[in-house]
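Taking mature numbering (1 follows the signal peptide of the UniProt record, and there is no 0), I'd label the letters of the sequence shown as residues -27 to -1, 1 to 980. All C-beta atoms in this analysis are idealised placements derived from N, C-alpha and C, irrespective of residue type, glycine included.
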Amino acid sequence: NAQAGTSCYLRALFSFYLCVYFTGCCTFDEPLSSCGYSQSDDDDLNWDQVNAPIKPSSSQGMPSGSFMLVNTSGRFAGQKAHLLLPHLKENDTHCIDFHYYVSSKTGSSPGTLNIYVKVNDGPIGSPIWNTSITATWNRAELAISTFWPNFYQVVFEVVTSGYPGYVAIDEVKVLGHPCTKTPHFLRLQSVEVNAGQFATFQCTANGGTDSGDRLWLQGIYVRDAPLKDIKVFNFRRFVALFSVVNATKRDAGNYRCMIRTEGGVGVSNYAELIVKEPPVPIAPPQLSSVGATYLWIQLNANSINGDGPIIQREVEYRTSSGSWYDIQPVDSTSYKIGHLDPDTEYEISVLLTRPGEGGTGSPGPALRTRTKCADPMRGPRKLEVVEIKSRQITVCWEPFGYNVTRCHRYNLTVHYRYQAGGQEQVREEVSWDTESSHPQHTITNLSPYTNVSIKLVLMNPEGRKESQELVVQTDEDVPSAVPLESIQGSTFEEKIFLQWREPAQTYGVITLYEITYKAVSSFDPEIDLSNQSGRVSKLGNETHYLFFGLYPGTTYSFTIRASTAKGFGPPITNQFTTKISAPSMPPYELETPLNQTDSTVTVLLKPAQSRGAPVSVYQIVVEEERPRRTKKTTEILKCYPVPIHFQNASLLNSQYYFAAEFPANGLQAAQPFTIGDNKTYSGFWNTPLLPHKSYSIYFQAASRANGETKIDCVRVATKAAIIVTQLTTPYIRIAPAAGDDQLTGAATRKPDPEPEKQTDHTVKIAGVIAGILLFVIIFLGVVLVMKKRKLAKKRKETLSSTRQEMTVMVNSMDKSYTEQGTNCDEAFSFMDTHNLNGRSLSSPSSFTMKTNTLSTTVPNSYYPVTLVLDETHTMVSDTSSLVQSHTYKKRDPVDVPYQTGQLHPAIRVADLLQHITQMKCAEGYGFKEEYEVSARSNDLITMSSALLALSVCYLYHRTGKIITQPRVRHKNLSWKSLPNSSCIKLCIQRNGSSSVLPVLPMLFFFH
């Protein structure tokens, strides 16, 4: 330890004496200021001086001794600390030697140690040397070749990395001899080149080099140049060549040679790269005079861009349309260019040259001029159409020769005219396609489907010639858009009638309209609009279309575009909204309530299905069933748009009132509701129902959107009146007024069946009746055929006997005509003895029906009734058979010779004379009256009328309809001859309806 300490002491002492004679040496045993060192004011942290004799190191990992230190612990990455050496003005070769230490306990680099060399307080430039990690103290050399009168300053910089550690330097010495491990550069010379050339720097160094050394040319704020070549003369000298390629003004600046060896770094002095721009004239030459084969020009080259001096001037001229050119040297400010072609355009420029390689600048601005020419010989020929389009026409013509134009510089102008908007439009265009072997020109911006007149005009400075005129029609084009204001739509619930006008500019013949539609929105958010789109095509002469199958309450976007033979024009879009539809009420197959009392009815309410707009509100409507004196027709259910409170129903004489109203969200699923619960719903009083009245309960839903309100309703229940009546008489005789179809008496009114059920009943009944009628017709047909056969056979048997009787009868007439002609009593006696082969006639006044005894209290309001056919015909319901009684009272021959107005039986041929005698005895009676039939006095027709009335009653009982005018085909049987309509009403009692069935076949037989 003692020996090591002694060695350390001697080394420090030697270094002290060595640094006495050189500025910049410092062992850091004394204060920093005594060495001329200083801290920078524009850095992030300072260097710390560690003096071991005064303050020994206490931190683990910190080196021992006296030195300058930067502790990177707790520092952010990128922070800098600068230590400045004093200015050095050396006049001879010298070497800067120093020790450095970069270490960290974690093994990571605590930062980077950089060394800069500033010359003459200039920019700091780039670092010449750097290191980032060492484990121990190391030594480095700086061979700086900057000498007086220039001076330089060395700057030590530490850039932290964010990791803890130490960066230290010690024993900085400026030695008066060359570095031992680093070569020294000789003075570097400045270089001047012309722009665009290679600038080559030659760096000569004393010392040796090997393949591990790095050589480069470092510039300040310019790009570094790589090593181009190296030449080694001996172990003490070598030359390195560096090139700045394609030098420009931006590459101009200061450069120095750099070499990095294992022992340190060598730095040369700064040399300047000077880049000169070759001269270029600012203005073109000036034309003094022109002829057919010559041009006089002034060089006009006094003003230039670039650097001088100018050592040579040249004139460059070339044809504008070719690649030929020539350069001629010029020794004066004016020059005549001869031997030129007539009517040829030339470009004339001036070239200037400065000293050095690449000193000739680019040609200056060119003077474009032509030699003179002559008048053309003729106009263009063979003007033809190459292509016709909607808005352009391409024409071609025969190429021109020099013998035609007599001038290479000419203009070919296309003149054309056409009618547009009722006015003639005249245009002209210059064609530049004149040098081609197939010259052509395209006229653009024309109107489609228009006649255009075209001609060519050939011109040069000396004259002009025209071609023949050509008339061409442009092709069709796509039309313009359909006018937006013309698109009109008439909207319905599921239809939209769309109409429009043709485009303002058709540009041809409209052949087709394409209408694309798509649903964009709906008032009902539950509607799926994905399938509501499509495309429709209409002919050109049709400007309307009816869209059907649409969704109500839906906005549709309609896009229309017109088409010609060239395609479709631009589309135009408009929107229309269909009207909303009434909500769809759920089906109520049976109008049977869930529960019913004397004053309440409980029904099951089901939510409605929206159609075009959500359901806004639900309403319960109660309608009182009042008597109606009008004839019953098919009932059409109408909804109730006007809300009426129960309190106002009587004042307004309204049959209905609103019992409840609630919003749509209050009925999301089926739920029961009681009518008459004496509560209030949205301001409507649900008053209890009156037991003695009949009601119809309606459930309706309303949708409101876009200023529309649509309502749908359904009858959900009916309530019949509950009435009990004590009868005082067992029989009721009813004689209502004509046209009155309301039942008399306290009876529970049966609610009208629904129209669909009523139609089904009617169809079934009609089918049954038709079947029975068909059977009866077939049966009667068979009977008639058999009867005709029997009658034919009987006629043959009795033909001979009949002739004999006629002979006897005539003979007896001749003998006793006088006697029998005055005895009318015998004639009546004859009628009595031949009374329909022994059958008695029925009296019209004796057709009656019995009834059983009735109780005084009739449940369910079923009353026995008596049918009154007329004043003398009474029919009473009974289970017994008909009882017929009849008598014929004989009358005196004088007073009543013959009973008129009665039904007389048929007589035999043998009794004909006696029958004629009776007719003579009867006053005013003859064959006319004999065969006159009265519907009121004829028993047979009276029976048919009664049966027809019963049939009508049966139909009313089954269908609920009254046949007001049945078709009666008998000439003496009409609706007026039927019994009074009141009996028809009474016959629909339940205990009497089945008795009508057996008489139906008889009815159709007689009818």
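Assigned exposure category for residue i - 16 Cβ within 10 Å defines buried
i: residue 408; result: exposed
i: residue 330; result: exposed
i: residue 84; result: buried
i: residue 41; result: buried
i: residue 113; result: buried
i: residue 414; result: buried
i: residue 6; result: exposed
i: residue 49; result: exposed
i: residue 45; result: buried
i: residue 643; result: exposed
i: residue 739; result: exposed
i: residue 130; result: buried
i: residue 737; result: exposed
i: residue 225; result: buried
i: residue 729; result: Summary for residue 729: the model assigns pLDDT 43, below 50, so the residue's position carries little reliability; its value from the coordinates is reported in the next sentence. With fewer than 16 other Cβ atoms within 10 Å, it is exposed.
i: residue 765; result: exposed
i: residue 446; result: exposed
i: residue 144; result: buried
i: residue 160; result: exposed
i: residue 768; result: exposed
i: residue 150; result: exposed
The ligand PLP heavy atom lying under 8 angstroms from the CB of residue i
i: residue 306; result: The model on display carries no ligand, and the ligand PLP is accordingly not part of it.
9 angstroms Cβ cutoff met for residue i and residue j
i: residue 694; j: residue 669; result: no
i: residue 988; j: residue 483; result: Residue 988 lies beyond the stretch modelled for the chain, which goes from -27 to 980, so this question has no answer here.
i: residue 272; j: residue 192; result: no
i: residue 76; j: residue 139; result: yes
i: residue 532; j: residue 480; result: no
i: residue 231; j: residue 101; result: yes
i: residue 325; j: residue 285; result: yes
i: residue 73; j: residue 128; result: no
i: residue 475; j: residue 535; result: yes
i: residue 322; j: residue 337; result: yes
i: residue 427; j: residue 509; result: no
i: residue 238; j: residue 158; result: no
i: residue 213; j: residue 23; result: no
i: residue 269; j: residue 203; result: no
i: residue 155; j: residue 242; result: no
Of the listed residues the options, nearest to residue i (C-alpha basis)
i: residue 9; options: 16, 551 and -5; result: -5
i: residue 439; options: 17, 422, 370 and 747; result: 370
i: residue 106; options: 264, 188, 267 and 78; result: 78
i: residue 679; options: 664, 552 and 567; result: 552
i: residue 550; options: 176, 664 and 521; result: 521
i: residue 377; options: 355, 351 and 398; result: 351
i: residue 379; options: 277, 265, 425 and 249; result: 265
i: residue 674; options: 14, 16 and 639; result: 639
i: residue 135; options: 441, 104 and 52; result: 52
i: residue 681; options: 584, 598 and 204; result: 584
i: residue 54; options: 99, 132, -3 and 108; result: 132
i: residue 526; options: 154, 672 and 465; result: 465
i: residue 96; options: 422, 227, 11 and 652; result: 227
Min CB distance residue i to chain C below 9 angstroms
i: residue 65; result: Structure shown: chain C not included; a single protein chain is present.
Item to complete: Answer yes if the segment 647 to 661 comes into contact with the segment 617 to 633, meaning at least three C-beta pairs across the two stretches below 8 angstroms, and no otherwise.
Response: Contact holds between the segment 617 to 633 and the segment 647 to 661, because three or more Cβ pairs, one in each stretch, are under 8 angstroms apart.
Discussion item. Give the list of continuous beta strand (DSSP E) stretches no shorter than 3 residues that lie fully inside the segment 607 to 666.
Written reply: Taking only runs of at least 3 residues, the beta strand (DSSP E) segments lying wholly in the segment 607 to 666 are 629 to 636, 644 to 648, 652 to 654 and 657 to 659.
Worksheet item: Are at least three pairs of beta-carbons, each pair with one atom in the segment 567 to 576 and one in the segment 541 to 559, less than 8 angstroms apart?
Response: Under the three-pair Cβ rule at 8 angstroms, the segment 567 to 576 does not count as touching the segment 541 to 559.
Item to complete: Could you tell me whether the segment 330 to 348 touches the segment 396 to 415, where touching means 3 or more Cβ pairs closer than 8 angstroms?
Response: In this structure the segment 330 to 348 does not lie against the segment 396 to 415, because fewer than three pairs of beta carbons, one per stretch, are closer than 8 angstroms.
Discussion item. Whether or not the segment 259 to 277 and the segment 212 to 232 are in contact is what I'm after, with contact meaning three or more pairs of Cβ atoms, one per stretch, closer than 8 angstroms; do they touch?
Written reply: Segments in contact, no.
Worksheet item: Between the segment 179 to 187 and the segment 162 to 170, do at least 3 Cβ pairs fall closer than 8 angstroms?
Response: In short, these stretches do not touch, since the Cβ pair count stays below three.
Worksheet item: Using 8 angstroms as the Cβ pair cut-off and three pairs as the minimum, do the segment 379 to 387 and the segment 427 to 434 touch?
Response: Because the criterion of three Cβ pairs below 8 angstroms is met, the segment 379 to 387 and the segment 427 to 434 touch.
Worksheet entry | Cβ pair count under 8 angstroms reaching 3, the segment 461 to 476 against the segment 390 to 401 | No contact exists between the segment 461 to 476 and the segment 390 to 401.
Worksheet entry | Those runs of the beta strand (DSSP E) which lie wholly inside the segment 439 to 466 and span at least 3 residues | Complete beta strand (DSSP E) runs here, min 3: 443 to 446 and 461 to 464.
Practice prompt. Quick one: which unbroken beta strand (DSSP E) runs of 3-plus residues sit fully inside the segment 52 to 117? Chain order, please.
Written response: For secondary structure counted as the beta strand (DSSP E) over 3 or more consecutive residues, the segment 52 to 117 holds these complete runs in sequence order: 53 to 57, 68 to 76, 84 to 92, 102 to 104 and 111 to 117.
Worksheet entry | alpha helix (DSSP H) segments (min. 4 residues) lying fully within the segment 244 to 330 | Those alpha helix (DSSP H) runs which fall completely within the segment 244 to 330 and span 4+ residues do not exist here.
Worksheet entry | Residue ranges of each alpha helix (DSSP H) within the segment 341 to 421, 4 or longer | For the segment 341 to 421, whole alpha helix (DSSP H) runs of length 4 or above, ordered along the chain, are 375 to 378.
Discussion item. Report the start-end ranges of each beta strand (DSSP E) in the segment 182 to 206 that is 3 residues or longer and not cut off at the edges.
Written reply: The segment 182 to 206 contains these whole beta strand (DSSP E) runs: 187 to 192.
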